[in-house]
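Chains as they are written, first to last, in the numbering used here: chain A, 1 to 256; chain E, 1001 to 1256.
By construction, the Cβ of each residue, glycine as well, lies at the ideal position given by its N, Cα and C atoms.
Presented below is the structure to which this report refers.
Number of protein chains: 2
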Amino acid sequence: MIKKVVVVPRELLMAMAYNLHIIENCLKCTFREHRLFCDLSHDALGKLQAIKATSVYPKGTLLCLEGQPPRGIYILCTGRAKLSTTSAEGKSIILRIADPGEVLGLTAAVSNTPYEATIETMEPSQANFISQSEFVHFLQEFPDVGMKVAQQLTHNCKCAYSEIRSLGLSNSVPEKIAKLILVWAEHPLDLHRQGGNGDIPIRVTLTQEEIAQFVGTSRETVSRVLGDFRRKGWLKIKGATWNIVNKKALEHLVTT
Amino acid sequence: MIKKVVVVPRELLMAMAYNLHIIENCLKCTFREHRLFCDLSHDALGKLQAIKATSVYPKGTLLCLEGQPPRGIYILCTGRAKLSTTSAEGKSIILRIADPGEVLGLTAAVSNTPYEATIETMEPSQANFISQSEFVHFLQEFPDVGMKVAQQLTHNCKCAYSEIRSLGLSNSVPEKIAKLILVWAEHPLDLHRQGGNGDIPIRVTLTQEEIAQFVGTSRETVSRVLGDFRRKGWLKIKGATWNIVNKKALEHLVTT
DNA sequence: CTTTCGCGGTGATGACCATCACACCCGCCG
DNA sequence: CGGCGGGTGTGATGGTCATCACCGCGAAAG
């Protein structure tokens, strides 16, 4: 309790610095029911409120490192995080991008084995940390938490399977990149839809290097492929906002 | 109950035909505690015994098909099964090989979405089927089942992640194949260890085509790589039993 | 016994892409 | 202002591997 009193002002300051709304109380969180993990029973939420430690992290924070023994889990409240794994030679690949409402570090916590991935915040983010031991108790005490855990794990599996399909079944790099763009296009930012032409605007905060890691290729190839798409008039790229001009053409490239 | 009386003789006949010991009663199963899912509480096992439908399947049986709505889950008692996914053009990739004691079709059952993979028995196999609705009840009734489910799901995730690492981070096909062989070498068949030379005997029931699907390459390349390993004296292949002669050399190929 | 079929071996060829190398842009900071 | 660093565009080159084509083998089937 005392800790909370000390902590909150710092969090609020940080949140203000990052221009974030901080979610202090899970019971009052308005996003709760739309999120993968957070929609728990009242009792479970109460307990969660008691054992969680809320923090705000700047962009680029490493929440955990691949290979380290599990310390606990993070529930991502705001912001997005990148899960990646690295080979001995430093080549690395992105496993998936986690959205708000997801639990991170779950495989490690449940099986009590080292973290499978390195987790890095991609934006200023708020997350609730729960220590390994408290999480295990929490899990055993409330059956509905177990259900949510199972759902988060199936979500992880599905992401992994789709990554495997992308890596193993696609024929060419352009195909994989087109597929990726089309997935992003499912959540466009239709802020104004200026012009009303069929363009689909999306926001891409990944660098070409990261895109390369996502599809398992090299940075240069990503650059060439995107240049190709641009030259063909399928795509317009202005900084972090892209415009999909010819969605059909991209879809035509994808066979899976 | 009546059904059981009718069913058992057929199962027994099939089991005899396949030269299998059939495990009729989970409570008496001697393998139980060494298995991922089966080591449940007494009460849960009793319930499981009541709702399961035991069957024996020949090699090559398709337990479920990718994309179909979930009907239920299978608990694999004996035999191994291959989980694979296929692209539109018929190219397919093996996600993993399931061992006895694993639950199959779990992601689909938990999230009530279509099966992620096609599951095919690789050997004559015994499995317990539980229908979707009964499984959900079972899960809600016994908390320890939820825990086991979570463990199975983390296992699935880990397999998937290691597959992603293999597909995305390995440099060459020989490296991936060497890695695969080394994984198999962790469970050698040391039946006699005739000679006492350092050779590690393993049993490989996959065709070269399947190995190709496992590492995401073509059948011809697998043939060439294995031929190469043989010519270099690293590996002896006699039908389905292989002998790893030079483990060090294979390890040296692997960087991850 | 011959046929068929699934599996494994191998050569030739070319596409695709990783890699190296360098140039460019832009925001930042001393 | 100049230098620096992160992100990006682009050419040249060579290696890896998919693909096609064909062969041989052995087991099962007719």
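Host alpha helix (DSSP H) of residue i (start-end)
| i | result |
| --- | --- |
| residue 1161 of chain E | 1143 to 1169 |
| residue 47 of chain A | 42 to 51 |
Euclidean distance between Cα positions of residue i and residue j
| i | j | result |
| --- | --- | --- |
| residue 157 of chain A | residue 1110 of chain E | 12 Å |
| residue 225 of chain A | residue 165 of chain A | 20 Å |
| residue 62 of chain A | residue 120 of chain A | 4 Å |
| residue 118 of chain A | residue 1024 of chain E | 44 Å |
| residue 213 of chain A | residue 1114 of chain E | 28 Å |
| residue 210 of chain A | residue 237 of chain A | 16 Å |
| residue 259 of chain A | residue 1171 of chain E | Since the first residue of chain A shown is 1 and the last is 256, residue 259 of chain A is not available in this structure. |
| residue 70 of chain A | residue 130 of chain A | 11 Å |
| residue 72 of chain A | residue 105 of chain A | 7 Å |
| residue 1040 of chain E | residue 1026 of chain E | 10 Å |
| residue 1208 of chain E | residue 1227 of chain E | 12 Å |
| residue 266 of chain A | residue 116 of chain A | The requested residue 266 of chain A is not part of the displayed model; chain A covers only 1 to 256. |
| residue 87 of chain A | residue 1254 of chain E | 11 Å |
| residue 153 of chain A | residue 235 of chain A | 35 Å |
| residue 1057 of chain E | residue 52 of chain A | 48 Å |
| residue 1078 of chain E | residue 1101 of chain E | 8 Å |
| residue 31 of chain A | residue 38 of chain A | 9 Å |
| residue 151 of chain A | residue 36 of chain A | 8 Å |
| residue 1250 of chain E | residue 75 of chain A | 41 Å |
| residue 55 of chain A | residue 49 of chain A | 13 Å |
| residue 177 of chain A | residue 1215 of chain E | 21 Å |
| residue 181 of chain A | residue 93 of chain A | 18 Å |
| residue 221 of chain A | residue 136 of chain A | 45 Å |
| residue 95 of chain A | residue 186 of chain A | 19 Å |
| residue 1064 of chain E | residue 1124 of chain E | 16 Å |
| residue 1068 of chain E | residue 1108 of chain E | 9 Å |
| residue 244 of chain A | residue 219 of chain A | 21 Å |
| residue 1080 of chain E | residue 155 of chain A | 25 Å |
| residue 1138 of chain E | residue 199 of chain A | 49 Å |
| residue 247 of chain A | residue 1089 of chain E | 21 Å |
| residue 1174 of chain E | residue 1122 of chain E | 25 Å |
| residue 66 of chain A | residue 1184 of chain E | 24 Å |
| residue 1229 of chain E | residue 1167 of chain E | 21 Å |
| residue 217 of chain A | residue 1084 of chain E | 24 Å |
| residue 1149 of chain E | residue 197 of chain A | 48 Å |
| residue 34 of chain A | residue 1232 of chain E | 58 Å |
N- and C-terminal bounds of the beta strand (DSSP E) containing residue i
| i | result |
| --- | --- |
| residue 88 of chain A | No beta strand (DSSP E) holds residue 88 of chain A; DSSP gives it neither H nor E. |
| residue 64 of chain A | 62 to 64 |
Residue(s) in a DSSP beta bridge with residue i
| i | result |
| --- | --- |
| residue 1072 of chain E | E:1131 |
| residue 1078 of chain E | E:1126 |
| residue 1054 of chain E | E:1128 |
| residue 83 of chain A | A:96 and A:119 |
Contact set between residue i and chain E, taken where Cβ atoms lie within less than 8 Å
| i | result |
| --- | --- |
| residue 116 of chain A | 1157, 1158 and 1161 |
Neighbour list for residue i in chain A, Cβ cutoff strictly below 8 Å
| i | result |
| --- | --- |
| residue 1143 of chain E | 140, 143 and 146 |
Interface partners of residue i on chain A, CB under 7 Å
| i | result |
| --- | --- |
| residue 1168 of chain E | 93, 167 and 216 |
Residues that residue i contacts on chain A, provided the C-beta gap is smaller than 9 Å
| i | result |
| --- | --- |
| residue 1150 of chain E | 106, 110, 111, 139, 146, 149, 150 and 153 |
| residue 1085 of chain E | 161, 164, 165, 168 and 169 |
Check: Quick one: complete beta strand (DSSP E) runs, 3+ long, within the stretch 1181 to 1250 of chain E?
Finding: 1200 to 1203, 1235 to 1238 and 1241 to 1244
Check: At what residue ranges does the stretch 1096 to 1146 of chain E contain a whole run of the alpha helix (DSSP H), taking only runs of 4 or more?
Finding: 1106 to 1111 and 1132 to 1141
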